[in-house]
Amino acid sequence: GYELALAADTPHCETTWEVLKVLELNEYIKYRSCYEGSKERLIRVIQRQSKIGYENMLFLTHDWQGVREVGQLRTVVILVDEEKDEGPTMKHIKRGLHVFKTRLKVLKLEKNNTEDSAQMFEHL
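Just so we're aligned, residue 403 is where the sequence shown starts under the numbering used here, counting upward by one.
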């Protein structure tokens with residue numbers, strides 16, 4: 403299964419948590435981080451709480467700066483189209499999961515190629 407976290411870039415943390423409570427979403431959100439400013443800081447807090455590797459996280463943002471900051475942590479980052487004003491949708495989540503699946507295939511290929519190369523050099 404998946405564990406959900408909320409990383410909110412806002413100075414209004416208490417209001418954010420109250421909205422989650424009113425919408426009865428608290429039971430679904432296991433980890434929380436709320437700061438105004440650095441997206442990287444938001445993700446680092448979630449990582450410390452959850453112990454989940456950055457490379458196993460999916461971060462949805464409308465901010466290009468967030469893409470750059472969080473992407474440096476090797477986290478999968480999906481840019482949400484702010485102009486449509488719809489926020490994150492299932493389309494964005496599916497896109498993120500596709501990136502995970504694709505990246506896993508690439509990593510397996512890289513690992514196999516490295517092992518094959520090492521075996522090849524052993525015979526020389």
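Beta carbons are placed, not taken as given, at the ideal position from N, Cα and C, and that holds for glycine.
Is residue i helix, strand or coil by DSSP?
i    : result
L526 : Since pLDDT at L526 reaches only 35, below the 50 mark, its modelled position is unreliable, and the value read off the structure follows with that caveat. In this structure, L526 counts as coil in the three-state DSSP scheme.
L444 : helix
T516 : Here the model assigns T516 a pLDDT of 49, short of 50, so the residue's position is not dependable, and the following value carries that caveat. Helix, per DSSP.
Q521 : With a pLDDT of 44 at Q521, under the threshold of 50, the modelled position of this residue cannot be trusted; read the value that follows with caution. Note: Q521 maps to helix in three-state DSSP.
K503 : helix
Shortest alpha-carbon distance to residue i belongs to which of the options?
i    : options                : result
L499 : E457, E438, D411, S440 : E457
G489 : C436, K441, H464, E438 : H464
R443 : Y430, N428, L408       : L408
E405 : R505, G455, H414, Y437 : G455
A410 : R505, V478, G468       : G468
Identify the residues that DSSP records as bridge partners of residue i: which are they?
i    : result
F461 : V479
Quick check on the DSSP output: the alpha helix (DSSP H) that includes residue i runs from which residue to which?
i    : result
K423 : 415-424
E471 : 466-473
For residue i and chain C, any beta-carbon pair shorter than 8 angstroms?
i    : result
I454 : Note that chain C does not occur in the displayed structure, where there is just one protein chain.
Got a sec, what are the start and stop residues for the beta strand (DSSP E) residue i sits in?
i    : result
K432 : 431-437
L408 : 406-411
| message | Check whether the region 467-481 and the region 424-444 touch, using three or more Cβ-Cβ pairs below 8 angstroms as the test. | response | Contact between the region 467-481 and the region 424-444 is established, with three or more Cβ pairs separated by less than 8 angstroms.
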